[in-house]
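Q: As given, the protein sequences belong to chains R, X and E, one line each in that order.
Counting along the first sequence from 1, when you hit position 30 you're at 30 in the UniProt record's numbering, and nothing is skipped either side.
Counting along the second sequence from 1, when you hit position 197 you're at 197 in the UniProt record's numbering, and nothing is skipped either side.
Counting along the third sequence from 1, when you hit position 65 you're at 65 in the UniProt record's numbering, and nothing is skipped either side.
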Amino acid sequence: MKVLFNEGWCKGCGLCIAFCPQEIIHLAEHLNRKGYRPAQVVDQDKCTSCAACARMCPDTVITVYRPDRKQTAVS
Amino acid sequence: MKTVFKRTTGLTDAETHYCPGCTHGIIHRLVAEVLEELDALETTVGVASVGCSVLAYHYFNCDMTQAAHGRAPAVATGLRRVLPEDRLVFTYQGDGDLASIGMAEIVHAAARGENITVIFVNNAIYGMTGGQMAPTTLLGQKTATTPEGRSSQLQGLPIRVSEMLATLDGAAYIERVSTHDPVHVLKAKKAIKKSFEIQRNRQGFSMIEVLSSCSTNWGLTPEESLKWIKSQMIPYYPLGIFKQQPCIGEES
Amino acid sequence: MKGNEVIGEAAVYAGCRYFFGYPITPQSELVAYMAKRLPEVGGCFLQAESEISAINMVYGAASAGVRVMTSSSSPGFSLKQEGISYLAGAELPAVIVNIARGGPGLGNIQPSQADYFQVTKGGGHGDYYTPVLAPSSLQEIVSLTREAFRIADEYRTPVILLGDGMLGQMMEPVEFEDEKPLPKVREKKWATTGTKGDGPPKTITSLDLNDTQLEIRNNTLQQKYAAIKEKEVRVDEYLLDDAAYAIVAYGTVARIARTAIDRARKKGIAVGLIRPVSLWPFPATIISEYSSVLKAILTVEMSAGQMIEDVRLAVEGKAPVFFYGRTGGVIPTVDEILQQIDRLTEEVAI
């Protein structure tokens, strides 16, 4: 897991989607407790941990991790 | 696994009331991250203004005082004159608050070289009251009170606050930044950090003007709004440092 | 010392070290006095860009937990009303001086009591009151300034010290040593001074978007006002024991009325003086009690008749209430008041 979304806080504004260079963020089909379609990443492997999504998220929904180099090589 | 990005402790656990995509959320986060990085959360007092950010005191994880419309720089002055020098004082104000009703307070706080940080959020409109014309509304921009678009004949021309305050000898640091993409968000954070460092060094008044969006009242999607900042606002409100001067009082 | 300067020294004596001012006649000597005096005692004086800014600087300083004062005169005081409402709503202690002058509008710079309504009835927006103390001598300025800071701190409320141009400009000898110094400011746990590991962040605000919550806040304020009404009424009674008539007057007018009463007594008229010292809370109970034994009451003011509304409410028809007022900065003379006392006795005789 490289990028973690705190789904309940998401307002579905889509700014993370607009700025993801890998184009791997989408709005989910379901609604969260606020009534928004939360942003989510299905294809975690493609994430480069650039954190552009997190920097543009107005609601501090996103936490970004970067795997250690060795682990990356193994995977 | 290394954490590249996580939520700052400079923000409380409260979820914000802002509309989806509102860049207030980004700017709040930047200020909070800076206070955390400067280890200043326990020594900072913030002043919330009136407008969409009226509830800012719910979100910043430091002591907060809420001011009357436009009066945040005066309230911050009162705090500044009382609190020990190691305390940081900042105001967080929108363009209606700072550049319209509060113009006298901001001008004189700057002129006095009041040792405070001002975060000035410019989104060219009154957000909270439902999208009326602000002093920063662009020519031709349609708002609730300029239904045909702002006209220079009828409503006059928008005010460039940073340029104006930069003419005052008392102002130590004035920069305009933007939130329309990740690179500019990083630059905005750098500027905000610089502003607090200037205050910590007792160099005097500093203001960071942050170009911000208002999807709801602009009638655009959040993504379109950021493009609008870039294509419409920045040409009129150019980014950059407008004032950077050595320590106040040490010039001569 | 001039009255305005006495207020300044009394404030310093009461532990006030912060003053945010703006010049306006006839209170400017106070601003100038504080500019000179506060640096001598390690305090801070700042001249603001407007009365509005000054009261908001007071709001900021009060947020940081110190004793703080500002002053103005009628037109400037009107401008401060927004800030006073915020101080009341956010429950911040501060002392605001109004050395009133003729109005409405720009009026003139002569003494007036035409600000009674705007200081005693809240004045700004929302359900609130501010305690109002009205000295009538320079010595009393010393004791009431101290009281103003005590009440402000004790109840977390803005308090108004009301004088007029005459009181501000006149000179009298005063003794500061007779006054017990006000104890040091107790640590204000609610003040926003930076948390310093003291626990969760503190917030000062007058905003409550939730209607139920705001009503609770308002009810808390009303309970506070009820406590102030119960404990902080001040009134000065003069020659009332055998009085058939009473004058109700405060501040400058009460001084003149006292002389008129002395002269009326020499003529054999049994008249006394009820002098409200706290205008809010108004000494309604005392006036009510006297009104049931008095033949008539005369209210004298330097206004077209403002305090008389509170007097009538207190009297509740138990005695006739007459009025004499001068406006525009004209000060009623002893002779005029004497004539009014005569009129009073004649009217009641009919």
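We put the CB at the ideal spot given by N, CA and C, even for glycine.
Return the residues of the region 44-78 of chain E that lie within a Cβ-Cβ distance of less than 9 Å from chain X, sorted by chain order.
A: Residues of the region 44-78 of chain E with a C-beta less than 9 Å from any C-beta of chain X: 44, 46, 48, 49, 50, 52, 53, 54, 55, 56, 57, 58, 59, 60, 61, 62, 63, 64, 65, 66, 68, listed in chain order.
Q: Whose C-beta lies closer than 6 Å to the C-beta of residue 45(E) among residues of the same chain, with five residues either side of it excluded?
A: Residue 45(E) sits at position 45 when you count from the first residue of the third sequence. Taking C-beta separations shorter than 6 Å and ignoring five residues to either side along the sequence, the partners of residue 45(E) in its chain run 19, 34, 35, 38, following chain order.
Q: Considering only the alpha carbon of each residue, which of 64(X), 118(X), 220(X) lies closest to residue 14(R)?
A: As a working note, residue 14(R) is residue 14 in the first sequence. Among 64(X), 118(X), 220(X), the Cα nearest to that of residue 14(R) is on 220(X).
Q: How many whole angstroms separate the CB atoms of residue 308(E) and residue 287(E), which I take to be in contact at a CB cut-off of 8 Å?
A: For this step, residue 308(E) is matched to residue 308 along the third sequence. For this step, residue 287(E) is matched to residue 287 along the third sequence. Rounded, the Cβ-Cβ distance is 11 Å, inconsistent with contact.
Q: Would you call residue 135(E) buried or exposed, if buried means 16 or more other Cβ atoms sit within 10 Å of its Cβ?
A: The residue given as residue 135(E) occupies position 135 in the third sequence. Buried, because 16 or more other Cβ atoms sit within 10 Å of the Cβ of residue 135(E).
Q: Which chain E residues are close to residue 63(X), counting only those with a beta carbon under 8 Å from its beta carbon?
A: As a working mapping, residue 63(X) is identified with position 63 in the second sequence. Those within 8 Å of residue 63(X) in chain E are 192, 193, 194, 195, 201, 202, 203.
Q: The ligand HEM heavy atoms versus the CB of residue 244(X): any closer than 8 Å?
A: You won't find the ligand HEM in this model; it holds no ligand whatsoever.
Q: On the three-pair Cβ rule with 8 Å, is the region 320-329 of chain E touching the region 259-273 of chain E?
A: no
Q: Name, please, each residue of chain E whose Cβ falls closer than 8 Å to the Cβ of residue 45(X).
A: In the second sequence, counting from the first residue as 1, residue 45(X) sits at position 45. Those are 63, 64, 192, 193, 194, listed as they occur along chain E.
Q: In whole angstroms, what is the alpha-carbon distance linking residue 213(X) and residue 131(X)?
A: As a position in the second sequence, residue 213(X) is number 213, starting the count at 1. As a position in the second sequence, residue 131(X) is number 131, starting the count at 1. Spanning the two alpha carbons is a distance of roughly 12 Å.
Q: On the premise that residue 52(R) lies in contact with residue 182(X), defined as a C-beta separation below 8 Å, what is that separation, rounded to the nearest angstrom?
A: Against the second sequence, residue 182(X) aligns to sequence position 182. Against the first sequence, residue 52(R) aligns to sequence position 52. The pair is a contact, with the Cβ atoms about 4 Å apart (cut-off 8 Å).
Q: For residue 204(E), which residues from the same chain have a beta carbon less than 6 Å from its beta carbon, with the 5 sequence-adjacent residues on both sides left out?
A: Sequence index remark: in the third sequence, residue 204(E) carries index 204 (1-based). Once the five neighbours on either side are set aside, the close Cβ partners of residue 204(E) are 63, 90, 192.
Q: Mind checking the region 77-104 of chain X against chain E and listing, in chain order, the residues whose C-beta falls within less than 9 Å of any C-beta there?
A: From the region 77-104 of chain X, only 77, 78, 79, 80, 81, 82, 83, 84, 86, 87, 88, 89, 104 have a Cβ closer than 9 Å to chain E.
Q: At 4 residues or longer, what runs of the alpha helix (DSSP H) sit wholly inside the region 118-155 of chain X?
A: 152-155
Q: Consult DSSP for residue 9(R) and reduce its assignment to one of helix, strand or coil.
A: Looking up residue 9(R) in the first sequence gives position 9. Three-state DSSP puts residue 9(R) in a helix.
Q: Shortest alpha-carbon distance to residue 143(E) belongs to which of 324(E), 9(E), 305(E)?
A: Along the third sequence, read from residue 1 onward, the residue named residue 143(E) stands at position 143. It is 9(E).
Q: Should residue 68(R) be flagged as near chain X, meaning a C-beta pair shorter than 9 Å?
A: Position 68 of the first sequence, counted from the start, is the residue given in the question as residue 68(R). For residue 68(R), the nearest CB of chain X lies under 9 Å from its own CB, placing it at the interface with that chain.
Q: CB-CB under 6 Å to residue 5(E), same chain, minus the five flanking residues each way: which ones, in chain order?
A: The residue you call residue 5(E) lines up with position 5 of the third sequence. Within the same chain, residue 5(E) has close Cβ partners 29, 33.
Q: Please report whether the beta-carbon of residue 167(X) lies at a distance below 9 Å from any beta-carbon of chain E.
A: What you label residue 167(X) is simply residue 167 of the second sequence in a count that begins at 1. Chain E contact via Cβ: absent.
Q: With a Cβ-Cβ cutoff of 9 Å, do residue 300(E) and residue 253(E) count as a contact?
A: Locating residue 300(E) in the third sequence gives position 300, counting from the first residue. Locating residue 253(E) in the third sequence gives position 253, counting from the first residue. Cβ atoms of residue 300(E) and residue 253(E): closer than 9 Å.
Q: If you follow the beta strand (DSSP E) that residue 98(E) is part of, which residue opens it and which one closes it?
A: For this step, residue 98(E) is matched to residue 98 along the third sequence. Where residue 98(E) is concerned, the enclosing beta strand (DSSP E) starts and stops at 94-100.
Q: Going by DSSP, what residue range makes up the alpha helix (DSSP H) through residue 215(E)?
A: Taking the first residue of the third sequence as 1, we reach residue 215(E) at position 215. Residue 215(E) -> alpha helix (DSSP H) spans 211-231.
Q: Show which residues of chain X have a CB atom less than 8 Å away from the CB atom of residue 83(E).
A: The residue you call residue 83(E) lines up with position 83 of the third sequence. Ordered by position in chain X, the residues that pass the 8 Å Cβ test against residue 83(E) are 68, 71.
Q: Tell me the DSSP secondary structure of residue 347(E) in three-state form.
A: Residue numbering aside, residue 347(E) sits at position 347 when the third sequence is read from its first letter. In the structure shown, residue 347(E) sits in a helix (DSSP, three-state: H, G or I).
Q: Can you find a C-beta in chain E that's less than 9 Å from the C-beta of residue 263(X)?
A: As shown, chain X starts at 1 and ends at 252. That puts residue 263(X) outside it, with no answer to give.
Q: How many angstroms separate the CA atom of residue 253(X) from the CA atom of residue 123(X)?
A: Residue 253(X) lies beyond the residue range present for chain X, which begins at 1 and ends at 252; the question has no answer from this structure.
Q: Distance, Cα to Cα, residue 121(X) vs residue 8(R)?
A: Residue mapping note: residue 121(X) aligns to position 121 of the second sequence, counting from 1. Residue mapping note: residue 8(R) aligns to position 8 of the first sequence, counting from 1. Spanning the two alpha carbons is a distance of roughly 27 Å.
Q: How about residue 39(X): is its C-beta nearer than 9 Å to some C-beta of chain R?
A: Your numbering for residue 39(X) matches position 39 in the second sequence. No, because no Cβ of chain R sits closer than 9 Å to the Cβ of residue 39(X).
Q: Counting only beta-carbon separations shorter than 9 Å, does residue 1(X) have a partner in chain R?
A: Position 1 of the second sequence holds residue 1(X). True, the Cβ-Cβ gap to chain R drops below 9 Å.
Q: If we define contact as Cβ-Cβ less than 9 Å, is residue 60(X) a contact residue for chain C?
A: The question asks about chain C, but that chain is absent: this structure's protein chains are R, X and E.
Q: Excluding the 5 residues flanking residue 49(R) on each side, which residues of the same chain have their C-beta closer than 7 Å to its C-beta?
A: Locating residue 49(R) in the first sequence gives position 49, where the first residue counts as 1. For residue 49(R), where only same-chain residues beyond five positions count, the Cβ hits under 7 Å are 2, 64, 65, 66.
Q: Can you pull the chain X neighbours of residue 18(E), defined as C-beta to C-beta under 8 Å?
A: For the purposes of this step, residue 18(E) is taken as the residue at position 18 of the third sequence. Per Cβ cutoff of 8 Å: 78, 81, 82.
Q: Tell me the residue span of the beta strand (DSSP E) that contains residue 47(E).
A: The residue you call residue 47(E) lines up with position 47 of the third sequence. Element bounds for residue 47(E): 44-47.
Q: Measure the C-alpha to C-alpha separation of residue 81(X) and residue 112(E) and round it to an integer number of angstroms.
A: Your numbering for residue 81(X) matches position 81 in the second sequence. Your numbering for residue 112(E) matches position 112 in the third sequence. One C-alpha to the other measures close to 34 Å.
Q: So the candidates are 224(X), 162(X), 223(X), 233(X); which of them puts its Cα closest to the Cα of residue 241(X)?
A: Position 241 of the second sequence, counted from the start, is the residue given in the question as residue 241(X). For the residues 224(X), 162(X), 223(X), 233(X), the minimum Cα distance to residue 241(X) belongs to 162(X).
Q: How far does the alpha helix (DSSP H) with residue 78(X) in it reach, from first residue to last?
A: The residue you call residue 78(X) lines up with position 78 of the second sequence. First-last of the alpha helix (DSSP H) with residue 78(X): 72-82.
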